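Okay, structure first, notes after.
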Amino acid sequence: MLAAGLALGPEIDGELLPRTTGASFAAGVGADKPLVLGTTDDEFTMIFARAARAMRWVPRSIVLGRLGLERRRRRAYLAANRDVAAHGTARVAGRYLTDRMFREKNVQLADARGAAPTWMYRFSWPSGRFGFAEHCLDVPFFFDCLDAEGIAPLAGDAPPPQLADAVHADAVAFVAGGDPGWTRWSAAQAARIYDVPVSERVGAYASVAPLR
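For the sequence shown, the residue numbers in the working numbering are 18 to 229.
Here it is, written out as structure tokens:
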């Protein structure tokens, strides 16, 4: 089931690991530890890249239904993701899988931590190679290594160094002082948006709300 998220992870054996991460967070485990969560905006979109031309004739609602989204939620989900829907059915399908597998789960985990120090981000800068923020695109920006071998096939020939400077600075601030420098996660859903320019947005994860 897509709604269960990724199956990869530690096995809950009842002894060493007695409960899920979400249940542990809700019980207060790790509440004294600062945590940053986030993903790229389009972790799974590359799965549909080769089928984009064929999928352009398929109604978005039908594809979402095939992927498991209940009929009663489809209209609201498409409305909340108008910007993605404008790029075609394949992009909508990729965003939906990203939301189900990554972004929705991160929101749940952040909420489960309550008042514990938690920050969320979205890496939204569209790759110069693919035109969207695909899986792992944020990694070379966090480590500020855009000139490393193998980056061009992931990010294109001219990824913005000012974005890498900003992302890396936030990562260093978090490691050094336990605070990445933007507003903590709360019911307002404020998060850092890594794009050009970098910004902070209230309601940053509103687009996944129709799934909950």
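Even for Gly, the Cβ is constructed at its ideal location relative to N, Cα and C. If you're wondering where the values come from, they're calculated on a predicted model, not measured in any experiment.
Cβ pair residue i, residue j closer than 8 Å
| i | j | result |
| --- | --- | --- |
| alanine 230 | alanine 207 | For residue 230 there is no data in the structure shown, the boundaries of the chain being 18 and 229. |
| proline 51 | aspartate 196 | yes |
| serine 224 | alanine 48 | no |
| arginine 70 | leucine 81 | no |
| leucine 171 | serine 144 | yes |
| valine 213 | proline 177 | yes |
| phenylalanine 159 | valine 184 | yes |
| methionine 72 | phenylalanine 65 | yes |
| tryptophan 202 | threonine 135 | yes |
| leucine 126 | glycine 194 | no |
| arginine 120 | threonine 56 | yes |
| aspartate 161 | alanine 181 | yes |
| aspartate 42 | arginine 108 | Note on residue identity: the sequence assigns phenylalanine, not aspartate, to residue 42. Going by C-beta atoms, phenylalanine 42 is not nearer than 8 Å to arginine 108. |
| glutamate 217 | arginine 229 | no |
| alanine 190 | glycine 198 | yes |
Residue closest to residue i, alpha-carbon to alpha-carbon, out of the options
| i | options | result |
| --- | --- | --- |
| valine 101 | Leu86, Asp128, Ala150, Ala133 | Ala150 |
| aspartate 124 | Gly111, Gly45, Leu114, Tyr138 | Correcting the residue identity first, residue 124 is valine in this sequence and not aspartate. Considering only alpha carbons, the answer is Tyr138. |
| glycine 85 | Gly31, Ala193, Asp116 | Asp116 |
| methionine 118 | Leu95, Ala103, His152, Ala190 | His152 |
| tyrosine 113 | Ala169, Asp174, Leu95 | Leu95 |
| alanine 226 | Asp128, Ala175, Gln179 | Asp128 |
| aspartate 58 | Val189, Asp174, Gly111, Arg83 | Gly111 |
| alanine 93 | His104, Ser78, Arg83, Ala103 | Ser78 |
| glutamine 179 | Tyr211, Gly148, Ile168 | Tyr211 |
| histidine 104 | Pro76, Ala133, Leu34, Ala44 | Pro76 |
Residue i, enclosing beta strand (DSSP E) - first and last residue
| i | result |
| --- | --- |
| phenylalanine 55 | Per the sequence shown, the amino acid found at residue 55 is glycine instead of phenylalanine. Note, glycine 55: beta strand (DSSP E), 52–57. |
| tyrosine 138 | 135–140 |
| serine 224 | Here serine 224 belongs to no beta strand (DSSP E), and DSSP marks it neither H nor E. |
| glutamate 217 | 216–218 |
DSSP-derived helix/strand/coil call for residue i
| i | result |
| --- | --- |
| isoleucine 210 | strand |
| arginine 117 | helix |
| arginine 229 | coil |
Bounding residues of the alpha helix (DSSP H) (the contiguous stretch that carries residue i)
| i | result |
| --- | --- |
| methionine 72 | 69–72 |
| tyrosine 94 | 88–97 |
| glutamate 121 | 121–129 |
| arginine 146 | It is not in any alpha helix (DSSP H) - arginine 146 carries neither H nor E in the DSSP assignment. |
| serine 203 | Here serine 203 belongs to no alpha helix (DSSP H), and DSSP marks it neither H nor E. |
| serine 41 | 38–43 |
| leucine 34 | First-last for leucine 34: undefined, no H or E at that position. |
| alanine 190 | 178–194 |
| isoleucine 29 | Run containing isoleucine 29: none; DSSP gives neither H nor E here. |
| leucine 171 | 169–172 |
| proline 157 | 156–159 |
| valine 80 | 77–83 |
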